[in-house]
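Residue numbers (the numbering used here): 2 to 187.
Think of the CB as a built atom: it goes at the ideal place given N, C-alpha and C, for glycine as much as any other residue.
Keep in mind it's a predicted model, so treat the numbers as computed, not measured.
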Amino acid sequence: MLCSILIISFLYFIPGWYDILVYNRIKHYSVMSNTCRTTGIGMILIFGLAFFSGACKKDKKDPNPSINYKEYRLFNISGGSSVDAGSFRIDELQDGNTKITILISEPFRQDGTGFQASVNKKDSEGNELVLSNLGLVNGGSGSLVVNPVLSSGTNLPVKYNELVGPYGYYVKILNGANVQARGDIE
């Protein structure tokens with residue numbers, strides 16, 4: 002708002018700006034005028050205002066920035082051996098919640114397909130427990146960002162210190178019923 006007022010007030014004092022901008026023609030004004038307004042000075046002021054008007058834009062700061070993170074690898078073991086299939090990053094946000102960014106490597110992407118991603122853990126009997134359904138990884142770009150990660154049981158944000166560490170959690174990405182990639186959270 003302030004930038005608009007400044008620009009309009011400056012343009013008011015520059016003769017011929019309307020002709021320059023609207024009709025694309027330049028009228029010649031006397032250098033000897035008592036206000037010392039010339040087309041050259043007007044053009045310099047217009048370009049100066051256009052250049053410095055960017056300074057009025059506010060930087061949008063993240064209201065909940067990342068204060069810590071860990072990166073992990075994803076692996077595909079469908080061929081019998083472990084093959085690098087991408088990575089994921091877990092960010093600790095300023096409020097203590099968790100953000101997960103997943104990126105699947107090019108050979109494991111499929112345009113037009115979504116891969117279901119989740120954070121899981123196995124209980125003492127070997128049953129798989131889902132901590133959080135993360136949603137669909139875009140098959141074309143291979144990416145997914147979840148902020149914040151929500152618990153499937155309580156629908157509350159998962160805290161970073163509850164997820165990262167020796168708790169046995171892992172990220173699993175499914176292509177239908179098949180595991181496309183998996184990575185342990187340590």
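Legend entry - Contact set for L94: own chain, Cβ-Cβ below 8 angstroms, skip 5 residues either direction: Taking the first residue of the sequence shown as position 1, residue 94 is located at position 93. The answer, listed in chain order, is N65, P66, S67, I68, K100, N148, P149 and Y161.
Inset, instruction - Please report the residue range of the beta strand (DSSP E) in which V134 lies. - result: Taking the first residue of the sequence shown as 1, we reach residue 134 at position 133. A small correction: the amino acid at residue 134 is Asn; Val does not occupy that position in the sequence shown. Residues E129 to N139.
Inset, instruction - Please report how far the alpha carbon of E107 lies from the alpha carbon of E72, in whole angstroms. - result: Taking the first residue of the sequence shown as position 1, residue 107 is located at position 106. Taking the first residue of the sequence shown as position 1, residue 72 is located at position 71. Cα to Cα, E107 sits roughly 18 angstroms from E72.
Inset, instruction - Grab me the residues of L151's own chain with a C-beta within less than 8 angstroms of its C-beta, minus the 5 sequence neighbours each way, in chain order. - result: Here residue 151 is taken as the residue at index 150 of the sequence shown, counted from 1. The answer, listed in chain order, is S133, L157, P158 and V159.
Legend entry - Between the CA atoms of G81 and F89 - distance to the nearest angstrom: Position 88 of the sequence shown, counting from 1, holds the residue named residue 89. Position 80 of the sequence shown, counting from 1, holds the residue named residue 81. About 22 angstroms.
Legend entry - Contact check, N121 vs E129, beta carbons under 8 angstroms: Counted from its first residue, the sequence shown places residue 121 at position 120. Counted from its first residue, the sequence shown places residue 129 at position 128. Going by C-beta atoms, N121 is nearer than 8 angstroms to E129.
Legend entry - Proximity below 8 angstroms, CB of T102 to CB of V146: The residue given as residue 102 occupies position 101 in the sequence shown. The residue given as residue 146 occupies position 145 in the sequence shown. Going by C-beta atoms, T102 is nearer than 8 angstroms to V146.
Legend entry - Inter-residue Cα distance where the pair is F163 and G136: By 1-based counting over the sequence shown, the position of residue 163 is 162. By 1-based counting over the sequence shown, the position of residue 136 is 135. Per the sequence presented here, residue 163 reads as Glu, with Phe not at that position. Computed Cα separation, rounded: 20 angstroms.
Inset, instruction - Starting from the C-beta of K109, find all residues in its chain whose C-beta is less than 8 angstroms away, skip the five residues before and the five after it, and write them out in chain order. - result: Here residue 109 refers to the residue found at position 108 when the sequence shown is read from its first residue. Inspection of the sequence shows that residue 109 is occupied by Phe rather than by Lys. Closer than 8 angstroms at Cβ, skipping near neighbours: N77, A86, G87, G143, Q181 and A182.
Inset, instruction - Determine the DSSP secondary structure at M33, reduced to helix, strand or coil. - result: For the purposes of this step, residue 33 is taken as residue 32 along the sequence shown, with counting starting at 1. Note that M33 scores a pLDDT of 47, beneath 50, so its modelled location is shaky and nothing firm can be said.
Inset, instruction - Please name the residue or residues paired with C66 in a DSSP beta bridge. - result: Here residue 66 refers to the residue found at position 65 when the sequence shown is read from its first residue. The sequence shown places Pro at residue 66, not Cys. The partner list for P66 (beta bridge, DSSP) is empty, contrary to what the question assumes.
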